[in-house]
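Visitor: In terms of numbering that gives the first Met the number 0, the sequence shown has 155 at position 156, counting the first letter as 1, and numbering is strictly consecutive.
Right, I'll just put the structure down here and ask away after.
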Amino acid sequence: MYNTDIRTVNMTRYITPLREGGSLPAIVECDDGFEYVIKFRGAGQGVKALIAELLGGEMARQIGLNMPELVLINLVDTFSKSEGDEEIQDLLKFSEGLNLGMSYLSGAITYDPLVSIAEPLAASKVVLLDSIITNIDRTHRNTNLLNWNKALWVIDHGASLYFHHSWDGWEDHSKRTFPMIKDHVLLKKATKLDEAAALIKSELTEEVINGIVNLLPEDWLSAKGIDANPEERKTVYKQFLNTRIANLDQLTKEAKNAR
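Encoded structure:
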């Protein structure tokens, strides 16, 4: 049974933008005294990127991958009034409410496929997780991986679940393979795909997936541009992910062939 909760904290200080991210995430401090990388609901892809980030991140944690803690960050509009940069000012203004934060790993370095650490089972789990959630953004060009404390950490799943940018045909999409896995940065190191698949099946049960999806704030599921009610949207995410996991043997075979 999945019974982990997501903490909610309040943003108290905007520290600095991370301009390497297209959606302009930032390092902020919150009222629990910790620093987080915040992903803003007012950025380009809106709450759908936050939904993908939360679901992908919690699934990664459930299968034993290193994943920074995720929190919901409440932001009030007062921060935009003291910001001099107009782009950041607008982002803060349009992000009032619940955003998503990830614990800031101070001193972490971007994963370099030529020199960085990635042991075979962890690499295999990342490859298959990305096949399940259709993560198009874990390539040599943009790894979305870190090395911290001599271990591999996964971050940034916001480009996953791209079916939800156009809900038409989501059932068909859930049954497809994921040919883009051939470009995955960890594919060559993923030599334990069968072992990883068995572990994922045991950990990502239907009950666990349903529990992870139930973490999604109703606020995100009823945001502007989403035309179904929150419970209907949760049902789609649950069915999509559970179907992908049920077809994991096919995805594993595809990854093996791509290697």
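Yeah, the Cβ is synthetic: ideal placement off N, Cα and C, and Gly gets one too.
Taking only three categories from DSSP, how would you classify N73?
Guide: Reduced to three states, the DSSP call for N73 is strand.
Visitor: Among the residues of its own chain, which have a CB less than 8 Å from the CB of S94, if the five just before and after it don't count?
Guide: The answer, listed in chain order, is F39, R40, G41, A42, L74.
Visitor: What residues are listed by DSSP as bridge partners for E271?
Guide: Nothing can be reported for residue 271, as the shown portion of the chain is limited to 0 through 258.
Visitor: Taking only three categories from DSSP, how would you classify G106?
Guide: Of the three classes helix, strand and coil, the one that applies to G106 here is coil, per DSSP.
Visitor: For T176 and L250, which I take to be in contact (beta-carbon distance under 8 Å), what is that distance rounded to the nearest angstrom?
Guide: With a Cβ gap of about 6 Å, T176 and L250 count as contacting.
Visitor: Short check: CB of V125 to CB of N65, under 8 Å?
Guide: The answer is no: Cβ separation not under 8 Å.
Visitor: According to DSSP, is A150 part of a helix, a strand, or is it coil?
Guide: Three-state result, A150: strand.
Visitor: Using the C-alpha atoms, what's the distance from R137 back to L54?
Guide: Answer to the nearest angstrom: the Cα atoms are 16 Å apart.
Visitor: So, helix, strand or coil for K259, using DSSP?
Guide: Outside the shown range of the chain, which is 0 to 258, sits residue 259, and nothing can be said about it.
Visitor: Identify whether P16 lies in helix, strand or coil by the three-state DSSP scheme.
Guide: DSSP places P16 in strand when its eight states are reduced to three.
Visitor: Can S159 and I132 be called in contact, C-beta distance under 8 Å?
Guide: Result yes, Cβ atoms of S159 and I132 sit closer than 8 Å.
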